[in-house]
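Participant:
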Amino acid sequence: MTEYHLPPSLLEYEVSISEWLRGFAAENPLFEAIDRGEPADSAEPRWYVRLKGDEKDHITIWLTLGQRTLRYEAYVLPAPQEHRAEVYEAALRRNDKLVGAHFAIGVEDALFLRGELPLTALSEAELDRIVGSLYSYVEQSFPALIRLAFASKFT
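First residue of the sequence shown: 52, per the working numbering; consecutive thereafter.
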């Protein structure tokens, strides 16, 4: 893969994302933290956004800037201890109603919401939609999924 980019450059995207996140955090009381991180296996720029939730105490969204896409993910819940197949089925069925994200099984069988956006479509409005959508999808799905995945803890 080449390093060649037509304007804007990856550095310009990186600066734009950082500025947008700072501005959005200053105006929104749900933002608890925003920081940068570098994944151990890659030099891709990465941010995490931590939001205060109602149904789930904290919602963390990772944004990763790649060569051609912005990848994003939110942790939903750990591997189900009970009703494993039913939890994964419920998540997959919810995928049909989601726009721009999908449920996926990740590290240690935890449940995540993930999506990807081409850099050509990246804008402040799209970043706002991504963060807002992931927040909303986690808040809507978390109560039912956690009660199913850890049913004995709720009786």
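Don't be surprised by glycine CBs; every beta carbon is placed ideally from N, CA and C.
Quick caveat: nothing in here was measured; it's all calculated off a predicted structure.
Please check the pair T111 and Y126, which I expect to be a contact at CB under 8 Å, by giving their CB distance rounded to whole angstroms.
Facilitator: Here residue 111 corresponds to residue number 60 of the sequence shown, with the count starting at 1. Here residue 126 corresponds to residue number 75 of the sequence shown, with the count starting at 1. 6 Å between Cβ atoms; contact.
Participant: Quick one: what's got a C-beta closer than 6 Å to I181's C-beta in the same chain, skipping five residues either side?
Facilitator: Sequence index remark: in the sequence shown, residue 181 carries index 130 (1-based). Within the same chain, I181 has close Cβ partners Y123.
Participant: Can you pull the DSSP bridge partners for G88?
Facilitator: Working through the sequence shown from its first residue, we reach residue 88 at position 37. Answer is R97.
Participant: Can you tell which of Q118, F82, E83, P80 has its C-alpha closest to the C-alpha of R97?
Facilitator: The residue given as residue 97 occupies position 46 in the sequence shown. Ranking Q118, F82, E83, P80 by Cα distance to R97 puts Q118 first.
Participant: Spell out the partners DSSP gives H153 in its beta bridges.
Facilitator: Position 102 of the sequence shown, counting from 1, holds the residue named residue 153. Its beta-bridge partners are R165.
Participant: Can you tell me the Cα-Cα spacing of I202 and K103, whole angstroms?
Facilitator: For the purposes of this step, residue 202 is identified with residue 151 of the sequence shown, where counting begins at 1. For the purposes of this step, residue 103 is identified with residue 52 of the sequence shown, where counting begins at 1. As written in the sequence, residue 202 is Ala, which differs from the Ile given in the question. Approximately 24 Å between the Cα atoms of the pair.
Participant: Report all residues from its chain with a CB closer than 7 Å to the CB of L61; omit the five preceding and five following residues, and keep chain order.
Facilitator: As a first step, residue 61 must be located in the sequence shown, where it is residue number 10. Within the same chain, L61 has close Cβ partners L116.
Participant: With burial defined as no fewer than 16 other Cβ atoms inside 10 Å of the residue's Cβ, what is the status of Y88: buried or exposed?
Facilitator: Counting from one through the sequence shown, the residue named residue 88 turns up at place 37. Residue identity differs from the one stated: residue 88 is Gly in this sequence, not Tyr. Exposed: under 16 other Cβ atoms inside 10 Å.
Participant: Can you tell me where the beta strand (DSSP E) holding E124 begins and where it ends?
Facilitator: Against the sequence shown, residue 124 aligns to sequence position 73. From DSSP, the beta strand (DSSP E) with E124 extends over 120-128.
Participant: With DSSP run on the structure shown, which of helix, strand or coil describes F201?
Facilitator: On the sequence shown, position 150 is the one that residue 201 refers to. Reduced to three states, the DSSP call for F201 is coil.
Participant: I need the boundaries of the beta strand (DSSP E) containing L114, first residue and last residue.
Facilitator: What you label residue 114 is simply residue 63 of the sequence shown in a count that begins at 1. It spans 109-116 - the beta strand (DSSP E) in which L114 sits, taken as one unbroken run.
Participant: Is it true that the CB of E106 sits closer than 7 Å to the CB of P194?
Facilitator: As a first step, residue 194 must be located in the sequence shown, where it is residue number 143. As a first step, residue 106 must be located in the sequence shown, where it is residue number 55. Yes, the pair counts as a contact, with Cβ atoms nearer than the cut-off.
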